Every structure is written in C-alpha cells, then in structure tokens.
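Be aware that the sequence shown starts at 1072, since it is given in my numbering, and climbs by one per residue.
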Amino acid sequence: MEAEINHVFRLLPGKDLKQSIDSFVADKNIQAGWIATCVGSLTDYQIRFANQEKGAKGTGHFEIVSLTGTVSVNGSHLHIAISDSTGKTIGGHLLDGCKVYTTAEIVIGEATDKVFTREKDGSTPWEELKVNLSKKD
C-alpha cells in the first residue's frame, strides 16, 4: 500500500545544511525521501560542480533558490542553487560546509512503501539510485 509522509523542519542560523538534513533523515529513519522544498539563506557555501573532483566555496550572503534531490539513511544525493546580492546564481552538488544565515525551512516527502539505496550499476563510476519495495508491506 502506497503511503506518503511529509516532514517539515527549520534550521537556525549557523547550522550546516547538509549535515542537518542527514541528521534529520537518520533521526526519522527515512528510507525513501525527497526534498519537496527548501527556502532560506546561507553565509557560506561549498558545492561541487559537474565532473569536478574538488568543491567550490564562498562566503557572503546567499539566497537558497533551489534544493532538490533524494534522501535516505542509505545515502542521499542533493543539488543546490544559490544566488548572491547581484542575482548571480550558481549551483551544484551540495557538500558539507553550507552554513545557514537566517533560516532554512525544509519539507521532506517520504514514500513509506519504498527503500532507496545507492549502488554502482556499471553505467557510471558512481553509486546511483536504486528503488526497492519496502519489506514492511
């Protein structure tokens, strides 16, 4: 039976965005989730651009324009887009080191009949999403 739960929480100034999401997912034992929405701001960012080994980082005041991806206690994959005070927008793979400025208001959806895992499938060198049915059913 397919069921969905929505989790809503807010991060306070100074919290690490990725670490806080990972902790929330672990605390709630979310097996198959996704970022439904996130609005807020950052003082520091650290992201990795496509096909790059090292991340890019910066300090200032940035609006979270978008945060999207899948989350699970078995591994998450998140991308973020942020804009600076001139409207210049950059985005990439969310890394540790993104510090909340004023707030981050986050909604995570959870499919209780699924389990997300990450495995190498031979099509790329990375662990990719695998969707499994929950053993609870």
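All C-beta atoms, glycine included, are put in the ideal place defined by N, C-alpha and C. The structure displayed is predicted, hence computed values, not measured ones.
Can you tell me whether residue i is buried or exposed? The criterion is at least 16 other CB atoms within 10 Å of its CB, across all chains shown.
| i | result |
| --- | --- |
| A1175 | buried |
| L1082 | buried |
| G1211 | Here the chain covers residues 1072 to 1208 and nothing more, so residue 1211 does not appear. |
| A1103 | buried |
| I1179 | buried |
| G1085 | exposed |
If I follow the unbroken beta strand (DSSP E) through residue i, where does it start and stop?
| i | result |
| --- | --- |
| F1187 | K1185 to K1191 |
| F1095 | Element bounds for F1095: not the beta strand (DSSP E) but the alpha helix (DSSP H), L1088 to D1098. |
| A1074 | Here A1074 belongs to no beta strand (DSSP E), and DSSP marks it neither H nor E. |
Since residue i and residue j should fall inside the 8 Å C-beta cutoff, what is the C-beta to C-beta distance between them, to a whole number of angstroms?
| i | j | result |
| --- | --- | --- |
| F1095 | L1113 | The Cβ separation is near 17 Å, so there is no contact. |
| D1155 | G1140 | The Cβ separation is near 22 Å, so there is no contact. |
Look up residue i in the DSSP assignment and say whether it is helix, strand or coil.
| i | result |
| --- | --- |
| I1101 | coil |
| D1115 | strand |
Taking only beta-carbon positions, decide if residue i is within less than 8 Å of chain C.
| i | result |
| --- | --- |
| G1131 | Among the protein chains of the structure shown there is no chain C, as only one such chain exists. |
**Message:** Assess contact between the region 1115-1134 and the region 1168-1183, defined as three or more Cβ pairs (one per stretch) separated by less than 8 Å. Is contact present?
**Reply:** The region 1115-1134 makes contact with the region 1168-1183: 3 or more CB pairs, one atom from each, lie closer than 8 Å.
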